[in-house]
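Protein sequences appear in the order of chains V and F.
Heads up: the first sequence runs through residues 1 to 103, numbered per this note's numbering.
Heads up: the second sequence runs through residues 104 to 206, numbered per this note's numbering.
Each residue gets a CB set at the ideal place from its N, CA and C atoms; glycine is no exception.
Only one structure is covered here, and it is reproduced in the block below.
2 protein chains.
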Amino acid sequence: MECVADDLFKALADPTRRTILDELTESSGQTLFEICSRLSMRHGLGLSRQAVSQHLAVLEAAGLVETRREGRYKFHDLNTAPLREITERWLAPGESAPEESTP
Amino acid sequence: MECVADDLFKALADPTRRTILDELTESSGQTLFEICSRLSMRHGLGLSRQAVSQHLAVLEAAGLVETRREGRYKFHDLNTAPLREITERWLAPGESAPEESTP
DNA sequence: TTGATAGGCAAGTGAACACTTGCCTATAGT
DNA sequence: ACTATAGGCAAGTGTTCACTTGCCTATCAA
Numbered sequence: 001m002e003c004v005a006d007d008l009f010k011a012l013a014d015p016t017r018r019t020i021l022d023e024l025t026e027s028s029g030q031t032l033f034e035i036c037s038r039l040s041m042r043h044g045l046g047l048s049r050q051a052v053s054q055h056l057a058v059l060e061a062a063g064l065v066e067t068r069r070e071g072r073y074k075f076h077d078l079n080t081a082p083l084r085e086i087t088e089r090w091l092a093p094g095e096s097a098p099e100e101s102t103p
Numbered sequence: 104m105e106c107v108a109d110d111l112f113k114a115l116a117d118p119t120r121r122t123i124l125d126e127l128t129e130s131s132g133q134t135l136f137e138i139c140s141r142l143s144m145r146h147g148l149g150l151s152r153q154a155v156s157q158h159l160a161v162l163e164a165a166g167l168v169e170t171r172r173e174g175r176y177k178f179h180d181l182n183t184a185p186l187r188e189i190t191e192r193w194l195a196p197g198e199s200a201p202e203e204s205t206p
């Protein structure tokens, strides 16, 4: 019950991953190379392909990104649903089930 | 513009800090020792006083906790306002100013 | 088949982080 | 005065994390 939240908040902790979410918000369904070049072009982030790939894996583990494969392409789609947990936990106290056990 | 978000998301990344936010949601205005004992009693977290103090400092840097001093007591109050940035950034695309520069 | 493109796996490195221990300051009760 | 309570500062430690480098697989075009 905490393991999910743990992945979610850990995914959001990195600024590069948040920028990736921004880019996917603007244009969902991008490939790894598209995201790489957008990070480089528009944000000056000269990261290696693997670095971005690892970031996407973290975002996928958090449920914030979903992937679909077509041939040799892998498209990345944004899923904002997990973010609603944040809203319901502290911004709307007493609507859902809060309370967290141990880390 | 990113420095604020960086503190915010970093603060939320730790499960102990999220539990502290839960406790302050339930009862705002607690002292350091109150928070310590509640973490121990209700969540089985046997942390040192300093550990909790450092967590509170991180939460305060993120703007999620505000403090007021009275005599030798220091009370900690919850402030959920910074959390709305998350909602406005990805859950309501195009209402506020998104776009992040570099990490 | 050859070569180019899109992506994956795994080990290594340096920095950031959570937590501890030890000592110090300030307020309050006796 | 003395003692206990509430909190702060700072150095040390072990772990986690972001990122790189090197090599390997799979799809498509010539």
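Among the residues facing chain F, aspartate 6 of chain V is included, as its CB has a counterpart in that chain under 9 angstroms away.
Counting only residues of its own chain and dropping the five nearest sequence neighbours on each side, glutamate 163 of chain F has no CB closer than 6 angstroms to any other CB. Under the DSSP assignment, leucine 181 of chain F falls in the beta strand (DSSP E) whose first and last residues are 176-181. Considering only beta carbons, no part of the segment 59-77 of chain V lies closer than 7 angstroms to chain F. With its beta carbon less than 9 angstroms from one in chain F, isoleucine 86 of chain V belongs to the interface. The beta carbons of histidine 179 of chain F and threonine 134 of chain F sit closer together than 9 angstroms. Leucine 21 of chain V reaches chain F at Trp193, counting residues in chain order whose Cβ is nearer than 7 angstroms. Think of a sphere of 7 angstroms around the beta carbon of leucine 56 of chain V: no beta carbon from chain F falls inside it, the nearest being about 16 angstroms out. Nearest Cα to cysteine 106 of chain F within the set F:Thr170, F:Ala165 and F:His146: F:Ala165. Using a Cβ-Cβ cut-off of 9 angstroms, threonine 31 of chain V is close to nothing in chain F; its nearest Cβ partner there is about 21 angstroms away. If you draw a straight line from the Cα of glutamine 153 of chain F to the Cα of arginine 171 of chain F, it comes to about 19 angstroms.
Residue state for glutamate 173 of chain F is assigned as strand, using DSSP reduced to three classes.
Straight across, the Cα-Cα distance linking arginine 175 of chain F with leucine 12 of chain V is about 37 angstroms.
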